[in-house]
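*Asks:* Residues in the sequence shown are numbered consecutively from 203, following this note's numbering.
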Amino acid sequence: MKRFEDLPIKMNQQHTVKIKKKYRFWALLAGLFFVQPGAGRAQVHSQSQSYLQTEQHYHRQDPIQKPFILNPAIMQEDVAAFNHQDSGDVVNYVENKDAYQWLSANIPLFSCPDTTLQKIYYFRWWSFRKHLVKTPYGFIFTEFITPVKFAGAFNGISSALGHQIYEGRWLHNPTYIQQYAAYWMFGDPAQKKPVFHKFSTWIDDAVYGLYLVGRDKNYLEKMLPALEKDYKKWGVERQLPSKLYWQYDVRDAMEESISGSRTVKNRRPTLNSYMYGNAVALSKISQILGRTAAATAYQHEATELRQLVLDSLWDAKAVFFEVRHPNGKFADAREEIGFIPWYFNLPPDRKVYAKAWDQLMDTTGFSAPWGITTAERRHPLFRTHGSGHGCEWDGAVWPYATTQTLKGLANLLNNYKHHNEMSRQVYYDALHKYAWAQQKNGQPFIGEYQDEKTGFWLRNNPRSRYYNHSGFADLIISDLVGIKPALGDKLTIAPLIPEKQWDWFCLDKVRYHNHMLTIVWDKTGKHYGHGKGFIVFVDGLKVKQVAKLKTLQISL
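1) Let me check one thing: in DSSP terms, what residues is Gly573 bridge-paired to?
2) Pairs of beta-carbons, one from the region 311 to 328 and one from the region 635 to 643, closer than 8 Å: are there three or more?
3) With Gly592 as the anchor, note down where its alpha helix (DSSP H) starts and where it stops.
4) Among Gln449, Lys332, Thr465, which has the Cα closest to the Cα of Tyr295?
5) For Gly708, which beta-bridge partners are listed by DSSP?
6) If contacts are defined as beta-carbon pairs under 8 Å, then Ile574 and Pro471 qualify, I think. What distance do you get, rounded to the angstrom?
7) Return helix, strand or coil for Ile266, following the three-state DSSP convention.
8) Nearest CA to the CA of Gly540: which residue from Asn547, Glu524, Phe330?
9) Please report how far the alpha carbon of Asn285 lies from the alpha carbon of Trp304, in whole angstroms.
10) So, for Ile367: in the same chain, excluding its five sequence neighbours on each side, which residues have a beta-carbon less than 8 Å away from its beta-carbon?
11) Could you give the first and the last residue of the continuous alpha helix (DSSP H) run that contains Gly733?
12) Measure from the alpha carbon of Lys752 to the alpha carbon of each residue in Pro700, Leu743, Gly727, His732, then state which is nearest.
13) Using a Cβ-Cβ cut-off of 6 Å (strictly less than) and excluding sequence neighbours within five positions of Leu689, which residues of its own chain qualify?
14) In whole angstroms, give me the CA-to-CA distance for Leu698 and Cys314.
15) In the DSSP assignment, find the alpha helix (DSSP H) that holds Lys746 and state where it starts and stops.
16) Should Phe736 go down as buried or exposed, given a rule of 16 or more other Cβ atoms within 10 Å for buried?
17) Is the Cβ-Cβ distance between Asp710 and Pro427 less than 8 Å?
18) Pull the bridge partners of Arg526 from the DSSP assignment, please.
19) Considering only the alpha carbon of each residue, which of Gln703, Ser757, Asp741 lies closest to Thr694?
20) Going by C-alpha distance, which of Val452, Ala481, Gln561 is nearest Phe546?
21) Measuring straight from C-alpha to C-alpha, what distance separates Gln267 and Ala307?
22) State the start and end residues of the unbroken beta strand (DSSP E) segment that holds Ile342.
23) On a Cα-Cα basis, can you pick out the residue from Glu506, Ser485, Ala504 that is closest to Ala497?
24) Could you give the distance in angstroms between the alpha-carbon of Val738 and the alpha-carbon of Tyr421?
25) Under the rule that 16 or more other beta-carbon atoms within 10 Å means buried, what is His502, buried or exposed?
26) Among Val438, Phe356, Val722, Phe674, which one has its Cα closest to the Cα of Leu754?
27) Since I believe Thr344 is in contact with Val335 (beta carbons under 8 Å), could you give me their beta-carbon distance rounded to a whole number of angstroms?
28) Tell me, please, which residues DSSP counts as bridged to Ile756.
29) Where in the region 406 to 443 do unbroken runs of the alpha helix (DSSP H), each at least 4 residues long, occur, reported from the N-terminal end onward?
30) I need the DSSP call for Arg713, collapsed to helix, strand or coil.
31) Give me the residue from Val293, Glu297, Arg326 with the minimum Cα distance to Met277.
32) Let me know the secondary structure DSSP gives Asp676 once reduced to three states.
33) Taking 8 Å as the cut-off, does the region 607 to 620 touch the region 654 to 665 (at least 3 CB pairs, one atom from each stretch)?
34) Taking all protein chains shown into account, do 16 or more other C-beta atoms lie within 10 angstroms of the C-beta of Val350, making it buried, or fewer, making it exposed?
35) Once the 5 residues before and after Lys609 are set aside, which same chain residues still bring their CB inside 6 Å of it?
36) Between which two residues does the alpha helix (DSSP H) holding Leu334 run?
What follows is the structure, encoded as structure tokens:
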């Protein structure tokens, strides 16, 4: 494997990149892929050559669209503090001095009484921006802030791709996240040693989620053939004769787990849920593009896999989804990955399945002072693999897994009738704890994984700073505030904020279906001065107003 410093893009590089000859063909391909529709050959060549000569740093070219209620200055003090806290040893596409302008141009603005949620919301966007890198293939987002030996070209790693696309779909300039998703389909395969399949992903589901926000049909048309090819490749590499999928825990980015192994081909709730979600997404994408037969075929595969997961990975005795070993026995360990099926709405809406979520609040289950543990705390092998010498998934708190679990919980509350003991309050408290845990020495921080009792970050080295391995903004936008992206012109907003938790909040400047949304809850009408109650504005025009903070639907 080439050393990162041998590749054409370097950390801290301050000048125009000099692209090596062997990358020029693929850089031109990137130009072809992302060229504006209708451009002729000469225009393609011109755009590609211009792209090759572009500076590798941001020059405040993204326009700032005026928000309706909030002012970007709401985050200015926090951004200045984040900049001051940063050592500045790593500089990628958007330098710290341009961070406030880039954020003002690209992210939805959020205001609420919970200062922890608000601060971490802006911190996570600020740190997400630090990982934006420009390559000969377009933009990518890195996972680690410094080079790691197991990454691919440009320090790219695919393990958290799903989280990153869900976060990035809310950026006002869609180019960043569209090119990043495309990189793994077109750029990584061009490398001498592609790394995309080093880790399980739910890329098809995430690209569909990206489409639901931006509704860019041309992008889907360009991506679908590559997505289909990749989907089939997973089948060749990981599908068993039973049609379930196997995976090593390390290739789920979850090594040193209680149930898993680096060498044993276990049937895991992870990849099987991801492939179910991918099949559903490919069915929906095919339907959008008028490929009815393909849509039906993918839906059939999804339905078949769903039943296999229910028949094979649901442990009725444990009342939980568990890993199954090649010998047919369950791992006899409840792990946080057992909640992943709800991320994709896979389980049926029955009380027996909803009962699995009782473990979330059980202090002998997954509930710990600093977050949701990755294995049940009562298990005799809980936290027995060591601390911090590697990446242990035997119980410590991982933001990666917390993001999956919170998304699954939001789906349970929104899309199912049977909730058991789960409620808006449970969701809010778990999200707040997740935000509160993102600290180190009293300052905002996101690292790899934490001790569940003390919050100590178990991996403490330069690579772990600003770890881009989980989600947060999407949990605020799509789940807490409740914007539910959909295909048509009807939009549901289903807030998970408990009824008496807040007297006010505002989510402003949300790019959605070529409109700008503003969501406001103002109990008295005095905080923002734009009316009393729960109000939705589209492009500055009031389209809905109700007295209570509840689920509502609008027409665009």
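Just so it is clear, CB atoms sit at the ideal spot from N, CA and C, and this is done for glycine as well.
*Replies:* In terms of the structure at hand:
1) Ala570
2) Because the criterion of three Cβ pairs below 8 Å is met, the region 311 to 328 and the region 635 to 643 touch.
3) Where Gly592 is concerned, there is no enclosing alpha helix (DSSP H), given that its DSSP letter is neither H nor E.
4) Proximity to Tyr295 across Gln449, Lys332, Thr465 peaks at Lys332, based on C-alpha coordinates.
5) Checking the sequence shown, residue 708 turns out to be Cys, not Gly. For Cys708, which the question treats as bridged, DSSP gives the partners Ser313, Val722.
6) Not a contact, Cβ separation roughly 16 Å.
7) coil
8) With distances taken between Cα atoms, Gly540 lies closest to Glu524.
9) 13 Å
10) Excluding sequence neighbours, Ile367 sits near Ile379, Tyr382, Ala383, Ile405, Ala408, Val409, Gly411, Leu412.
11) Premise fails: Gly733 is in no alpha helix (DSSP H) and is neither H nor E.
12) Pro700
13) Correct list: empty, nothing qualifies.
14) If you take the alpha carbons of Leu698 and Cys314, they lie about 14 Å apart.
15) First-last for Lys746: 743 to 748, but that is the beta strand (DSSP E), not the alpha helix (DSSP H).
16) buried
17) no
18) Arg469, Phe532
19) Ser757
20) Ala481
21) 7 Å
22) 340 to 343
23) Ser485
24) 29 Å
25) exposed
26) Val722
27) 6 Å
28) Leu693
29) Within the region 406 to 443, complete alpha helix (DSSP H) segments of at least 4 residues are found at 419 to 440, given in chain order.
30) strand
31) Arg326
32) Asp676 falls in the helix class under three-state DSSP.
33) no
34) exposed
35) Tyr545
36) Element bounds for Leu334: not the alpha helix (DSSP H) but the beta strand (DSSP E), 334 to 337.
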